[in-house]
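First to last, the protein sequences are chains A and B. Going by full-length UniProt numbering, the first sequence opens with residue 1, and the numbers climb by one from there. Going by full-length UniProt numbering, the second sequence opens with residue 1, and the numbers climb by one from there.
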Amino acid sequence: MTPLPAALDWDWESAFESLPSLLSAFLQVTLLVTVLSTALAAVLGLVIAMTLRLAPRPVAGVVRWIAHFIRMTPIVVQLLFAYYAFLELEPLTIGVLVFGIHYSTYMSEVYRAGIDSVPAGQWEATTALSMSTRRTWTAVIIPQALRATVPALGNYAVSMFKDTPFLLVIGVVEMVNAGLIYGGNNFRYIEPITLVGVIFLLASYPTSLLISRLEKRLAYRT
Amino acid sequence: MPTAPEQNDDAARGAAPDAPVIEFRDVGKRYGDNVVLDGLDFSVRKGDRVTLIGPSGSGKTTILRLVMTLEDATEGYIFVDGEPLTHEERNGRRVELNKKQRKRIRQKIGMVFQQFNLFPNMTVLENIVEAPLHVLGHPRAEVLERAGNLLEKVGLADKADAHPSSLSGGQQQRVAIARALAMDPEILLLDEVTSALDPEIVGEVLGILRTIAEETDITMLLVTHEMQFAKDVSNRVLMFDGGRIIEEAEPEAMFSNPTHERTKSFLRAVLGEDQIGTR
Chain A
1 MTPLPAALDW
11 DWESAFESLP
21 SLLSAFLQVT
31 LLVTVLSTAL
41 AAVLGLVIAM
51 TLRLAPRPVA
61 GVVRWIAHFI
71 RMTPIVVQLL
81 FAYYAFLELE
91 PLTIGVLVFG
101 IHYSTYMSEV
111 YRAGIDSVPA
121 GQWEATTALS
131 MSTRRTWTAV
141 IIPQALRATV
151 PALGNYAVSM
161 FKDTPFLLVI
171 GVVEMVNAGL
181 IYGGNNFRYI
191 EPITLVGVIF
201 LLASYPTSLL
211 ISRLEKRLAY
221 RT
Chain B
1 MPTAPEQNDD
11 AARGAAPDAP
21 VIEFRDVGKR
31 YGDNVVLDGL
41 DFSVRKGDRV
51 TLIGPSGSGK
61 TTILRLVMTL
71 EDATEGYIFV
81 DGEPLTHEER
91 NGRRVELNKK
101 QRKRIRQKIG
111 MVFQQFNLFP
121 NMTVLENIVE
131 APLHVLGHPR
141 AEVLERAGNL
151 LEKVGLADKA
161 DAHPSSLSGG
171 QQQRVAIARA
181 LAMDPEILLL
191 DEVTSALDPE
201 IVGEVLGILR
211 TIAEETDITM
221 LLVTHEMQFA
231 KDVSNRVLMF
241 DGGRIIEEAE
251 PEAMFSNPTH
261 ERTKSFLRAV
271 LGEDQIGTR
């Protein structure tokens, strides 16, 4: 029998030993960035979508161009650019801002589709009832658009969660970086990196199940 | 309205009792080369119940949409209570009025749609109180009481907290009628309100509209294919074809003794051969 390759030389003790630092990086950085950036992206995305719809044409054009530009460049480049452009900011802050802004451009498209999915009859009813523009948006259009968009927004949140390892390029100790640090100190890489993968899987899989259940619950019966 | 210009007040107050509530003057509507309405002149007096009939594509629904300002005419002028709705003539030119004008005038107008268009994110009660509370700014207690009465009137008092999606089509349309009436409109536009309903529940909706027609003096402009209903409710019937009015009469005369050949063939198709000219 040939000996097992070194890479598969699994050591449970190292696995258990690395776990606390991984979990702490998960909770304090990976999860924190995901939650804050999702919140930022969800709000900013709606602002972008509304601006594109309601702002005067030149303003909307500029916003559309900026959003397009952000979507068309890699997030790693944006992280590095922001890191070196704003050296006075904490890398974690940079991370939250870049992830939030990057994903807001995607979420704005989701909102746009959600707004477009509200039937013309709903707009006509708001006119027939003389509702104000503000009330039309806040009481009728946005609540209905949100129902259509929650699942897609949730999927982007999961994508963002899985993109957080990119933060290591600007030195943020998120979960993968914590694993690499453990590896460097103990010369055991395979255990922490495997665990990182397992933790990602355990967190994203139930979340995506939750989103698809939410999708079914939110659909209007007609 | 607090900011209504005085001339408009005069126009409304000075109107004679039988002055037109709605007046179309040479109104045209075209989409590109497609002419939907062509040089249309007609008026509706206060308390009139006018039914628009005609083949589909003859522009009937467009008329209701123009009055509700869901669309703008491409030519001519529409007046409501003597005031221009969207455009007026200045120095021989057709000029669009400030949007405030239409916003103010359309508060007098309610509309019930073929597809109900209830807000699915609100309960039945919320649908009804939305505009009285947030547009008219009436006190909450008063609005709720009135909404309760309206729901009772349409026979849905027990459905106040239900969502539209849990109601049948007929029930949804009754809510939509209550929602339109909650704004206490002077003019009610009914756009094929039974066309999306199953035949066996058409009656419950028409029954309510009959009651409203009997108990109120709301001016009604309706598009319907229910000729018996048109006969029962309206005092005038306008027959449309090709974007023009080709015949106008009282319902009895229109249905029993139409003069225009096009009207005859239309009524024959809608009512059946034996119903025309035999009574």
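Just so it is clear, CB atoms sit at the ideal spot from N, CA and C, and this is done for glycine as well. In this text the structure is predicted, and so the values were computed from the model without any measurement.
Check whether chain A comes within 8 Å of residue i, counting only Cβ atoms and requiring the distance to be less than that.
i: threonine 239 of chain B; result: The residue you asked about is not threonine; residue 239 of chain B is methionine in the sequence shown. Cβ-Cβ to chain A under 8 Å: no for methionine 239 of chain B.
i: valine 175 of chain B; result: no
i: glutamate 142 of chain B; result: no
i: asparagine 235 of chain B; result: no
i: leucine 70 of chain B; result: yes
i: glutamine 115 of chain B; result: yes
i: proline 258 of chain B; result: no
i: methionine 183 of chain B; result: yes
Quick one: what's got a C-beta closer than 8 Å to residue i's C-beta in the same chain, skipping five residues either side?
i: leucine 19 of chain A; result: Leu195
i: aspartate 163 of chain A; result: Ile75, Phe99
i: threonine 62 of chain B; result: Lys29, Val36, Leu37, Glu71
i: leucine 79 of chain A; result: Ile94, Gly95, Val98, Phe166, Leu167, Val169, Ile170
i: alanine 55 of chain A; result: Val63
i: isoleucine 22 of chain B; result: Ser43, Val44, Val67, Ile78, Phe79, Val80, Ile187, Thr219, Leu221
i: alanine 131 of chain B; result: Arg179, Ala182, Met183
i: isoleucine 70 of chain A; result: Gln78, Ile101, His102, Thr105
i: threonine 30 of chain A; result: Phe161, Thr164, Glu174, Met175
i: residue 319 of chain B; result: Because chain B here runs from 1 to 279, residue 319 of chain B falls outside it and cannot be looked at.
i: isoleucine 177 of chain B; result: Val112, Val154, Val193, Val205, Ile208, Leu209, Ile212
i: methionine 131 of chain A; result: Ala139, Val140
i: phenylalanine 266 of chain B; result: Ile53, Gly54, Pro55, Met239, Asp241
Out of curiosity, what's the CA-to-CA distance linking residue i and residue j?
i: threonine 51 of chain A; j: valine 63 of chain A; result: 8 Å
i: lysine 100 of chain B; j: glycine 121 of chain A; result: 22 Å
i: leucine 66 of chain B; j: leucine 146 of chain A; result: 31 Å
i: arginine 134 of chain A; j: tryptophan 123 of chain A; result: 12 Å
i: tryptophan 12 of chain A; j: arginine 188 of chain A; result: 11 Å
i: glutamine 114 of chain B; j: alanine 141 of chain B; result: 31 Å
i: leucine 214 of chain A; j: aspartate 232 of chain B; result: 49 Å
i: phenylalanine 86 of chain A; j: valine 33 of chain A; result: 18 Å
i: glycine 54 of chain B; j: arginine 106 of chain B; result: 26 Å
i: glutamine 173 of chain B; j: proline 151 of chain A; result: 31 Å
i: isoleucine 199 of chain A; j: glutamate 126 of chain B; result: 45 Å
i: methionine 227 of chain B; j: methionine 72 of chain A; result: 60 Å
i: glycine 197 of chain A; j: glycine 61 of chain A; result: 41 Å
i: glycine 184 of chain A; j: alanine 15 of chain A; result: 14 Å
i: glutamate 109 of chain A; j: asparagine 117 of chain B; result: 26 Å
i: arginine 217 of chain A; j: leucine 210 of chain A; result: 10 Å
i: leucine 40 of chain B; j: lysine 108 of chain B; result: 23 Å
Please return the same chain residues whose Cβ sits closer than 7 Å to the Cβ of residue i, not counting the five positions on each side in sequence.
i: methionine 107 of chain A; result: Ala41, Ala42, Gly45, Leu153, Tyr156
i: valine 158 of chain A; result: Ser204, Thr207, Ser208
i: glycine 47 of chain B; result: Asp217, Thr219
i: tyrosine 182 of chain A; result: Ser18, Ser21, Pro192
i: serine 165 of chain B; result: Pro120
i: valine 140 of chain A; result: Gln122, Thr126
Please compile the residues from chain B whose C-beta is within a distance smaller than 8 Å of the C-beta of residue i.
i: arginine 188 of chain A; result: Here the premise fails: no neighbours, minimum Cβ distance about 54 Å.
i: threonine 127 of chain A; result: Met68, Thr69, Leu70, Arg106
i: glycine 183 of chain A; result: Under the 8 Å cutoff, chain B gives no residues; its nearest Cβ is about 51 Å from glycine 183 of chain A.
i: glycine 114 of chain A; result: Within chain B, no residue comes near glycine 114 of chain A; the closest Cβ sits about 13 Å away, beyond 8 Å.
i: glycine 154 of chain A; result: What glycine 154 of chain A touches in chain B: nothing, since even the nearest Cβ is about 19 Å away.
Given that residue i touches chain B, what residues does it touch there, using C-beta distances under 7 Å?
i: residue 225 of chain A; result: There is simply no residue 225 of chain A to check, as chain A begins at 1 and stops at 222 in what is shown.
i: proline 143 of chain A; result: Asn121
i: arginine 135 of chain A; result: His134
With a threshold of 6 Å on Cβ separation, who are the neighbours of residue i within its own chain once the five nearest residues in sequence on each side are excluded?
i: valine 129 of chain B; result: Val143, Ala147
i: glycine 243 of chain B; result: Val35, Val36, Leu37, Asp38, Gly59
i: aspartate 161 of chain B; result: Thr123
i: alanine 178 of chain A; result: Ser21, Leu22, Ala25
Taking C-beta pairs closer than 9 Å, name the residues in chain B that residue i reaches, listed in chain order.
i: threonine 131 of chain A; result: It should be noted that the sequence gives methionine, not threonine, for residue 131 of chain A. Per Cβ cutoff of 9 Å: Glu130, Ala131, His134, Val135.
i: glutamate 124 of chain A; result: Arg65, Met68, Leu70, Met111, Phe113, Asn117
Got a sec: is the Cβ-Cβ distance from residue i to anything in chain B below 8 Å?
i: leucine 218 of chain A; result: no
i: valine 140 of chain A; result: yes
i: arginine 53 of chain A; result: no
i: glycine 121 of chain A; result: yes
For a contact defined as C-beta to C-beta under 7 Å, what are the partners of residue i on chain A?
i: lysine 103 of chain B; result: Ser130
Exercise. Note down, one range per segment and in chain order, each beta strand (DSSP E) of at least 3 residues found wholly within the region 172 to 221 of chain B.
Key: Restricting attention to beta strand (DSSP E) runs no shorter than 3 residues, the region 172 to 221 of chain B encloses them at 187 to 191, ordered along the chain.
Self-check item: Segments of 4+ residues assigned as alpha helix (DSSP H) that fall wholly inside the region 94 to 181 of chain B
Solution: Taking only runs of at least 4 residues, the alpha helix (DSSP H) segments lying wholly in the region 94 to 181 of chain B are 99 to 105, 124 to 134, 140 to 153, 169 to 181.
Quiz item: Residue ranges of each beta strand (DSSP E) run of no fewer than 3 residues wholly in the region 18 to 64 of chain B, ordered along the chain?
Solution: Counting whole runs of 3 or more residues, the region 18 to 64 of chain B contains the beta strand (DSSP E) stretches 20 to 31, 34 to 45, 49 to 53.
Exercise. Please list the segments of the beta strand (DSSP E) lying wholly inside the region 220 to 270 of chain B, counting only runs of 3 or more residues, in order along the chain.
Key: Segments of the beta strand (DSSP E) lying fully in the region 220 to 270 of chain B: 236 to 241, 244 to 249.
Practice problem: Can you check the region 96 to 137 of chain A for any alpha helix (DSSP H) of at least 4 residues that lies completely inside it and give the ranges in chain order? | Solution: Correct list: 120 to 128.
Practice problem: List in chain order: all unbroken alpha helix (DSSP H) runs of 4+ residues lying wholly within the region 167 to 202 of chain A. | Solution: Whole alpha helix (DSSP H) segments, 4+ residues: 175 to 186.
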